[in-house]
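Everything below concerns the one structure shown next.
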Amino acid sequence: MTRKNNYKTYFSPHGKSARIPQRTRHRLSATLVAHVQPQPVEAQQVGTNPLLEHDNEIHQNSPISDTDDDDSNEEDIFESSQKLPHQPLYEYARITRLESSLMIMGLRVRHKLSKTLLGDILNLVNFHLPVGVSVPTSVYLLEKSLGINYTDTSKIPYCRKCEHLIQENESECSNCEEKQTRATAIQEGHFFMSFNIQQMLNNVLQQSNVQESLLRNLSKRSNIPANSYSSIMDGHLAAAVSINELDYRLRRNNTVLAGLWFGRQKPNFDSFFGEFVSQALELGGQGLRWILNGQEITSRIFFPIFAADSVARCQVQGINQFNGEYSCPRCLIKGKNYKSSERAHKWIFAPTEVAQPRSHEQFIKSLLDLKQKLLEGKSVPSYVGIKSASRLLTLPKFDVVHGFVFDYMHTALLGIARSMFFAWTESKNHNHIILEIEPRK
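Residue 3 in our numbering sits at position 14 of the sequence shown; the count goes up by one each step and never skips.
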């Protein structure tokens, strides 16, 4: 029997009938003869059936002694066709081989296609391509062309009630005692995806252009010994990691996905960042081993920068949201409530008010003060704006105050700039008076 991954691969648009199993060819020949013989045919119309003729050539020129010989070398053909993934799919094509695979995979994700349907779509696309050109002919080859490796991912289940992580061999949540197991939580969709950052970073660092850019930028930024290398990482909102020392284009093209949350509400950042922090501690302690010019190098990797929008940042940092008191992430200004209209109000910070700057040490001290107040039985939702301890506090070389990037888009562009623009242009701010340009006489 042919292997499962080659089942009926002979239905291809390229006419490679040598892939057809021997028993199928006999059955096909018998079926065609059975349909042809009963039909009366005039002498001048008698000819050779092209399909049967081609099939006879296979019997004569390609003797089959064992069914294992029917296994196609699809993977070898795929490897040869994928050597130039950034070349056009065919002459005058508007997309490359890689872009074609990405578009097909995007179709699968958006419409939640099954593997069977995706395989049929791949086959259909191949029928529309010129002879000698093909996209991956199976889901396995499609995933391989995109470098998808499911061994680098893991599902992390969490409690359906409190979103606390469920550990191995637990039949109930250790936090709220909700009855459930890891298997039932995953089945119900209460899980997030965690990715092997170390393996993916290793794959990125094996690229020659990445190594060249990394060493060049490291040499520019610091006077380090020739045989010493280090790497600084910056994290993007709860999901992605990029190497800060790379050139901008390489940095964007080699962003590593660290985690992916599934849920109908905002993620529980304590649970979500647990797996990421564990991997980050290992990378900062034991380091990452990679090959440079044939030599193995161990690099300790740290995560000193975290970029997120204002809504996510306050939750990750563990302070009040931007519309509450002591919500400034950089200083201890309290702010005040400002009623902008009968139905709306804003939390503003007077520019004349002088406030003490926050620091990493002061942040930790305020956390301890908050803990002491809670132990004394006092009902305090926050202390100088601090509500909880961030999981990122355990990261080495991470400053919980200055490690968060300023949210320029929401604060400046969609904040101050937007408010000023509408203050100048909206008619309600000018007593609804319409200004008209006096026509020329």
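Backbone N, C-alpha and C define an ideal beta-carbon position, used for all residues, glycine too.
Taking the DSSP output, what are the residues bridged to residue 279?
-> Per DSSP, 286.
Classify residue 85 as helix, strand or coil using the three-state DSSP reduction.
-> strand
What do you get for residue 413, buried or exposed, if any count of 16 or more other CB atoms within 10 angstroms of its CB means buried?
-> exposed
Hey, residue 392 and residue 315 are a contact pair by Cβ (cut 8 Å); roughly how many whole angstroms apart?
-> At roughly 19 Å, the Cβ-Cβ gap does not stay under 8 Å, so residue 392 and residue 315 are not in contact.
Report the rounded CA-to-CA distance for residue 361 versus residue 352, giving the unit in angstroms.
-> 14 Å
Secondary structure at residue 22, three-state DSSP: helix, strand or coil?
-> Its pLDDT being 44, under 50, residue 22 is placed unreliably in this model, and the coordinates cannot settle the point.
Residue 289 and residue 273 look like a contact to me (Cβ under 8 Å); what is the Cβ gap, rounded to whole Å?
-> Correct: roughly 6 Å between the Cβ atoms.
Separation of residue 86 from residue 176, as counted between CA atoms | Taking the straight line from one Cα to the other gives about 35 Å.
Work out the CA separation of residue 320 and residue 395 for me, nearest whole Å.
-> Going by the C-alpha atoms only, they are around 13 Å apart.
Can you grab the Cα-Cα spacing for the pair residue 444 / residue 265, in whole Å?
-> The structure shown does not extend to residue 444, since the chain is modelled only from -10 through 430, so no value can be given for it.
Got a sec: does the ligand SAH put a non-hydrogen atom nearer than 7 Å to the Cβ of residue 285?
-> Summarising the ligand content, the structure contains no ligands, and the ligand SAH is consequently not present.
Do you know how far the Cα of residue 268 is from the Cα of residue 131?
-> 29 Å
Assuming residue 378 contacts residue 307 under a Cβ cut-off of 8 Å, what Cβ separation, rounded to an integer in Å, is found between them?
-> 6 Å
State the Cα-Cα distance for the pair residue 257 and residue 293, rounded to the nearest angstrom.
-> 21 Å
First and last residue of the uninterrupted alpha helix (DSSP H) at residue 189 = 186 to 194
Close beta carbons around residue 34, own chain, < 8 Å, minus the five adjacent residues each side | Its pLDDT being 41, under 50, residue 34 is placed unreliably by the model, and nothing is read from it.
Residue of 101, 113, 100 and 94 minimising C-alpha distance to residue 129 | 94
How many angstroms separate the CA atom of residue 22 from the CA atom of residue 116?
-> Model confidence at residue 22 stands at a pLDDT of 44, short of 50, so the residue's coordinates are unreliable; what they give is reported in the following sentence. The alpha-carbon atoms of residue 22 and residue 116 are separated by roughly 27 Å.
Can the beta-carbon of residue 303 be found less than 8 Å from the beta-carbon of residue 310?
-> yes
Per DSSP, what kind of secondary structure is residue 341 in: helix, strand or coil?
-> Three-state DSSP puts residue 341 in coil, outside helix and strand.
Option in 326, 390 and 242 with minimal Cα separation from residue 193 | 242
Helix, strand or coil for residue 232, going by three-state DSSP, please let me know.
-> Three-state result, residue 232: strand.
DSSP state of residue 93 mapped onto helix, strand, coil = helix
Distance, residue 153 Cα to residue 260 Cα = Distance between the alpha carbons of residue 260 and residue 153 is about 6 Å.
Give the DSSP bridge partners of residue 349, in chain order.
-> Here residue 349 is not bridged, per DSSP, to any residue.
Where does residue 401 land, buried or exposed, given buried means 16+ other C-beta within 10 angstroms?
-> exposed
Any idea if residue 189 is buried or exposed, counting beta-carbon neighbours within 10 angstroms, 16 or more meaning buried?
-> buried
Residue range of the alpha helix (DSSP H) that includes residue 173 | First-last of the alpha helix (DSSP H) with residue 173: 171 to 176.
Nonlocal neighbours in the same chain, by C-beta distance under 7 Å from residue 49, ignoring five residues either side | Residue confidence is low: residue 49 scores 43 on pLDDT, short of 50, so the model does not pin down where it sits. Its coordinate-derived value is still stated next. Result list for residue 49: empty, nothing under 7 Å.
Exposed unless 16 or more other CB atoms sit within 10 angstroms - verdict on residue 75 = exposed
For residue 248, write down the residues that DSSP places opposite it in a beta bridge.
-> Looking at the DSSP output, residue 248 bridges to 183.
Cβ-Cβ separation, residue 199 to residue 249 (assumed contact under 8 Å), whole Å | Rounded, the Cβ-Cβ distance is 24 Å, inconsistent with contact.
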